[in-house]
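Heads up, the thing below is written out as structure tokens.
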Amino acid sequence: MTAATAQKLPEKFREPAVTPELAAEFGLKGDEYTRVLEILGREPTYTELGIFSVMWSEHCSYKSSRAHLSRLPTKAPWVIQGPGEGAGVIDIGDGQAAIFKMESHNHPSYIEPYQGAATGVGGILRDVFTMGARPVANLNALRFGDPSHPKTRQLVAGVVKGIGDYGNSVGVPTVGGETNFHPAYNGNILVNAMTVGVADTDKIFYSRGASVGQPVVYVGSKTGRDGIHGATMSSAEFTEGDEDQRPTVQVGDPFTEKLLLEACLELMKTDCIVSLQDMGAAGLTSSSVEIAAKGEIGLVMDLDKVPMREAGMVPYEIMLSESQERMLVILKPGREEEANKIFEKWDLDYATIGHTVERRYLTLNMYGKTWCDIPVPPLVDDAPKYMRPTAPSAKPAALDAKASELPAGGLAEALKKIIACPDIASKKWIYEQYDPLVRGETKAGPGAADAAIVRLDGKQKALVMSSDCCPRYVQANAWMGGMQAVAESWRNITAVGGRPLAITNNLNFGNPEKPEIMGQFVDAIDGMAQACKTLEYPVVSGNVSLYNETNGKAILPTPVIGGVGIIDDARKAALMTVKEGQTLLLVGGAGKHLGQSIYAREIHGLETGDVPPVDLKAEKQNGDAVREMITAGIIKACHDVSDGGALVALAEMAMVSDIGIETEGPDDAGFWFGEDQARYIIAVENPDDVKIAHIVLGKVGGDTLMGVPVATLRDLNEGWLPNYMAGKN
Amino acid sequence: MKSVVVVFPGSNREKDMADALERASGHRPKLLWHKETELGKPDLMVLPGGFSYGDYLRCGAIAAHSPVMKEVIRLAQAGTPLLAVCNGFQMLVETRLVPGALLRNASLKFICKQTHLRLESESPTFTSKMKKGDVIHVPVAHGEGNYVVTPDMLKGMNDNGQIAFRYCGQDGRELVDINGSVDSIAGVYNETKTILGMMPHPEDATDATLGNDSAKPFFDGIVAAIAR
């Protein structure tokens, strides 16, 4: 397809005058605007002000978080690329790399759940395939408000459909995720999407590397007026009435994404590409600035040539549009024809819109004049960086002694209640709208095992992936909660027999200008850092989402961990399915800790007590032993003990296997529902094969658990969400 | 065995299908871009699953008019076996090579889950290793798989043995409603049973490592029929 035909500037158009007030409206603080004036030595144009404001937004500059993120361990012998590129890259052997990242799309998804969630998936897919990887798995971590809140149902429906419609259409299996409900998310849901891709280690593409005299090529959807200033929206608190911001939410087109994906992968097989960058948040602005900054060059672009959806667009709109499914590519000189042929095969719009220059400026021409001429290095290097004040969080109140009392009806009654509570209830209603099977390599999708397992094409080796966070732990104790999120991710990868290799993290917090929120953030980072270090589980990519507040009320701090590991032989993986006659053993000791547990909350209405302590040494020791026994074929099925404790874990194994479990153990809430860490339930044929300390929990057989028919448990577990969505509860 | 899997813009299960056919026959099918017009003389043609043209118009409606389809239709009418799965089935009904139409699922939601399929009528081309009444365990993944035909047409199809598969329970005794399809129909033949269109994905049930190779007899049957 051809480039846009030359258009005329709308006759009456004049850029608004730039004033300090306008700068403030654009989200630039007083001293930040002063800095802009110093850098330019003059007043910025309207277009330039827009560019500074998005580049210096929290979303793009990480100005509140940068100083702290540097404390996270990012190195290991298998790390090829840590944070700083579109996604993280790790070596998975045999000349292949896994490329992955998780990213939030919280604010857009609250304003317009379907498109917000859909474009969240689209954006993270592009981050991954931009680097040369074919996406092979999607995961998502969702947090919604109280089920009784009037907006929750509609948000769940919209977000789930948005994620499904996008991922299903592009043909990337959605293999895992998590969903929580809590009133703290009533006005600010969380939609975090993760993509994992696979590339050859000698065919990885970066945004760095451009040099002088190379063509700048635009490919993908036409640019429209959608999503203008989206990055700024994501960098401010919500107030009621912000639904009016709907025009700042972009609209997704998974079909174009699929074409763009295939075209990029085909182009990458040639050697035409110098570097490329997806137009994500802040669109053409951030992609062009990033390429210029990393290449230590400048860019001159003729915006007349940008394929446009609407007539009369002006530079400000073109630069700040967040229209989806677009890519900026730097080609080797003289290779345009070759690239164009591929774009034409895939029916994509494309245009050479500029070239790289030595003078390190971003220069934008349109309608015969220059609209922007700003030096690139200060735009990036002088972005504000704050060491915001922190305050320690209040310690959680001590757990009431009654927390360990059993309800009338005992363990069975407690189990029935917990298995049907929103956080534990089956999320089948959600994941049956996702296609986890496409590409034909999925060994374990949602609900089958502790982590998703997706084989590498043509191999028995498989990727193992999981998404984890327990926000109520982080709220109660940010340091321990941060550590726990990493430990649980590591444990889930381990529980199927995988070797945990690296993580991406998606740090969702409230307003960083409030010291107690910044305190949570800093503590959670320190907890994560310690776990990553001890477990040799580095952070290779991530995303920070701050200002998740509505009317001054913050969400629960939610640092989501997306973990990736490898299992050398998928045939040996341990799923949750048990068989008659197997013995179930608990590794890691008896449960007793009920502080912040699901049991205390659902049975006694208590959200108190400290979180279960994480002992990283025990995590490593127990996990390594379990993994060895899975590899050796001793363990036939495995499930880690997390939300709801050992009895909920057993119930999940019984339900997925459609068989009962005859349990043995004390009549004690802590034993069955305690959420003590570093524990696994393993199913074995012969308990004598297990050489590490363990407690026998029971034997597989019959059709009940704790006297409750497994079919009843399943009805309770699978019934809650569909009934809720149908308005029946 | 020379098989051709046609790839449209938005197709996404061509790999699954190619893997399944290769597993059964030992030969990798040719993936043919929809702008091609020469198919040669294939033993089997496949229209795979996916979201051709984004399903933005009626599913399969645009792909049914792709350049390649003229030749696909000509060969199919002349007796070359044609297997059309999911989005391929949606294209197939658009070409009128089989009767009926596919509407949105009755639930109005995309649905992906394991189902059971009962073979209702044998075809020498597609089911030479299966018997009428056999049950296979095969996933569905579609938003618009709600099969409809007029009562008259349905009677004719039943009389001709053109109903290939129905959704059923695990033991095959009872029919199950998955998406609102009339009479739980999951797949249909043309009059000569050389063309099969079906919504479920047998190609995703052919690998024991992944926990389900229930559709192996289906693909083995196709390969055996072609080898004869």
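Chains as they are written, first to last, in our numbering: chain Z, 1450 to 2178; chain E, 1303 to 1530.
Quick reminder that beta carbons are idealized off the backbone N, C-alpha and C, glycines included.
Everything numeric in this text was worked out from a predicted model, so none of it was measured.
- Taken in chain order, the members of the segment 1609 to 1638 of chain Z whose beta-carbon sits within less than 8 Å of a beta-carbon on chain E are Lys-1610, Gly-1613, Asp-1614, Asn-1617, Ser-1618, Val-1619, Gly-1620.
- Around Leu-2043 of chain Z, the same chain offers Leu-1848, Ala-1852, Ser-1853, Ala-2049, Gly-2058, Ala-2118, Gly-2119, Phe-2122, Gly-2123, Glu-2124 as residues with beta carbons nearer than 8 Å, after the five sequence neighbours per side are excluded.
- Those residues of the segment 1785 to 1812 of chain Z placed with their C-beta closer than 9 Å to a C-beta in chain E are Lys-1794, Trp-1795, Asp-1796, ordered along the chain.
- In terms of beta-carbon proximity, Ala-2160 of chain Z stays away from the interface with chain E, with every pair separated by 8 Å or more.
- Of the residues Z:Met-1768, Z:Glu-1937, Z:Ile-1529, the one whose Cα lies closest to the Cα of Trp-1820 of chain Z is Z:Met-1768.
- The Cβ of Gly-1676 of chain Z sits no closer than 8 Å to any Cβ of chain E.
- Chain order gives the chain E residues near Arg-2020 of chain Z as Thr-1511, where near means a beta carbon separation below 7 Å.
- At a cut-off of 8 Å between beta-carbon atoms, Asp-1436 of chain E makes no contact with chain Z.
- Pairing Met-1717 of chain Z with Phe-1654 of chain Z gives a Cβ-Cβ distance under 8 Å.
- In the DSSP annotation of this structure, Asn-1314 of chain E is not part of any beta strand (DSSP E), being labelled neither H nor E.
- In the three-state scheme derived from DSSP, where H, G and I count as helix and E and B as strand, His-1508 of chain Z is classed as helix.
- Rounded to the nearest angstrom, the gap between the Cα atoms of Leu-1512 of chain E and Lys-2002 of chain Z is 46 Å.
- If you look at Cys-1414 of chain E, you'll find it in the beta strand (DSSP E) that goes 1413 to 1421.
- In summary, the residues of the segment 1309 to 1323 of chain E whose CB is separated from some CB of chain Z by less than 7 Å are Pro-1311, Gly-1312, Asn-1314, Arg-1315, Lys-1317, Asp-1318, Asp-1321, in the order they occur in the chain.
- Sixteen is the threshold: when 16 or more other Cβ atoms of the shown chains lie within 10 Å of the Cβ of Leu-1588 of chain Z, as they do, the residue is buried.
- Between Lys-2069 of chain Z and Val-2133 of chain Z, the gap from beta carbon to beta carbon reaches 8 Å or more.
- Using a C-beta cut-off of 8 Å, the segment 1380 to 1387 of chain E makes contact with the segment 1344 to 1364 of chain E, since at least three inter-stretch Cβ pairs fall below that distance.
- Going by DSSP, Val-1666 of chain Z is part of the beta strand (DSSP E) stretching over 1664 to 1669.
- Each of E:Leu-1341, E:Tyr-1355, E:Tyr-1358, E:Gln-1379 was checked against the Cα of Val-1370 of chain E, and the nearest Cα belongs to E:Leu-1341.
- Tyr-1880 of chain Z and Gly-1646 of chain Z have their alpha carbons spaced roughly 21 Å apart.
- For Asn-1460 of chain E, the number of other beta carbons within 10 angstroms of its own is below 16, and it is reported as exposed.
- Chain-ordered listing is empty here: chain E has no CB closer than 8 Å to the CB of Thr-1568 of chain Z, the nearest sitting near 15 Å.
- For Asp-1651 of chain Z, the closest of Z:Gln-1530, Z:Val-1608, Z:Pro-2006 by C-alpha to C-alpha distance is Z:Gln-1530.
- Using a Cβ-Cβ cut-off of 7 Å, Glu-2167 of chain Z is close to nothing in chain E; its nearest Cβ partner there is about 12 Å away.
- For Asn-1448 of chain E, the enclosing beta strand (DSSP E) starts and ends at 1448 to 1450.
- When DSSP states are grouped into helix, strand and coil, Ile-1966 of chain Z belongs to the helix group.
- Among the residues of chain E, those whose CB is under 8 Å from the CB of Gln-1882 of chain Z are Lys-1411, Phe-1412, Ile-1413, Cys-1414, following chain order.
- Within the segment 1338 to 1407 of chain E, the beta strand (DSSP E) runs of at least 3 residues that lie entirely inside it are, in chain order, 1346 to 1349, 1384 to 1387, 1403 to 1405.
- In terms of beta-carbon proximity, Leu-1708 of chain Z lines the interface with chain E, with at least one pair separated by less than 8 Å.
- For Lys-2002 of chain Z, the three-state secondary structure derived from DSSP is strand.
- Taken through DSSP and simplified to helix, strand or coil, Thr-1601 of chain Z comes out as helix.
- Note on geometry: alpha-carbon atoms of Arg-1463 of chain Z and Gly-1445 of chain E lie some 48 Å from one another.
- Look at the segment 1636 to 1655 of chain Z: it has no residue with a C-beta under 9 Å from a C-beta of chain E.
- Listed along chain E are Leu-1512, each with a C-beta nearer than 8 Å to that of Thr-1891 of chain Z.
- Taking C-beta atoms as the reference points, Leu-1419 of chain E and Tyr-1469 of chain E count as a pair closer than 8 Å.
- For Tyr-1799 of chain Z, the uninterrupted beta strand (DSSP E) run begins and ends at 1799 to 1806, by DSSP.
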